[in-house]
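A.B. asks: Numbering follows our numbering, in which position 30 of the sequence shown is assigned residue number 366; successive positions increment by one, without gaps.
C-beta: ideal position from N, C-alpha, C; glycine also.
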Amino acid sequence: MPSLMTLAKMELNGIGFSETESENQKAIMLAKLSALEAEAYQLANHSFSLTSTEDIARVLYIELRLPPNGDPASAQTLQNKRTLGTTGRGRHRLPKQFSTCKDILEKLKAFHPLPGVILEWRRISSAITKVVYPLQKEKVMCRKLEMNRIYGVCHIYTAT
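#1: With G488 as the anchor, note down where its beta strand (DSSP E) starts and where it stops.
#2: My output table needs one value for G452: the three-state DSSP class, helix, strand or coil.
#3: Should I486 and M365 be called a contact, given that it needs their Cβ atoms to be closer than 8 Å?
#4: Using the three-state DSSP reduction, which class does I440 fall into: helix, strand or coil?
#5: With a 10 Å radius around its C-beta and 16 neighbouring C-beta atoms as the bar for buried, classify P408 as buried or exposed.
#6: Between the alpha carbons of A344 and S358, how many angstroms are there, rounded?
#7: If you draw a straight line from the C-alpha of P451 to the C-alpha of A495, how long is it?
Take a look at the structure:
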């Protein structure tokens with residue numbers, strides 16, 4: 337297999353990693369996150385937690401009165417029903433049809449700009465936590481080349 341030699345060389349040599357460029361990109365992403373947070377707070381007229389699906393649902397469906405699940409027909413049926421339940425502590429609990437998943441937020445973008453801001457905030461936040469931080473953790477200083485490198489591991493066998 338000709339690809340085995342290529343994979344072996346990739347594992348041995350690693351990939352160059354610029355720590356300064358990584359920090360620059362992380363700073364740009366964090367600045368964009370804070371700008372998106374400020375925009376979301378301005379659109380909602382108050383601050384709320386962008387990591388809490390319950391807070392997002394409360395802002396979108398209760399305060400801004402957007403149609404549940406992005407369907408205007410379902411909004412009419414919900415207005416006739418009691419939409420808020422209570423927990424044992426007296427807090428209001430939102431019904432299950434108040435979803436904040438990606439597909440529903442895509443539908444809600446047509447009604448208000450806030451769901452688009454939330455989607456963009458989630459995308460950048462996910463990139464930071466799933467790509468930038470793990471890469472920064474995996475870097476290894478190569479003394480010979482005087483640079484940081486990331487070494488991958490390729491599993492080329494098949495388990496049966």
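C.D. replies: Quick answer:
#1: In the sequence shown, the residue the question calls residue 488 occupies position 152. Here G488 belongs to no beta strand (DSSP E), and DSSP marks it neither H nor E.
#2: Position 116 of the sequence shown, counted from the start, is the residue given in the question as residue 452. Of the three classes helix, strand and coil, the one that applies to G452 here is helix, per DSSP.
#3: Reading the sequence shown from its first residue, position 150 is the one you call residue 486. Reading the sequence shown from its first residue, position 29 is the one you call residue 365. In this structure, M365 does not lie closer than 8 Å to I486 by Cβ.
#4: If you number the sequence shown from 1, residue 440 lands on position 104. I440: helix per DSSP, three-state reduction.
#5: If you number the sequence shown from 1, residue 408 lands on position 72. Classification for P408: exposed.
#6: Here the question's residue 344 lines up with position 8 in the sequence shown. Here the question's residue 358 lines up with position 22 in the sequence shown. Cα-Cα distance, rounded: 26 Å.
#7: Along the sequence shown, read from residue 1 onward, the residue named residue 451 stands at position 115. Along the sequence shown, read from residue 1 onward, the residue named residue 495 stands at position 159. If you take the alpha carbons of P451 and A495, they lie about 44 Å apart.
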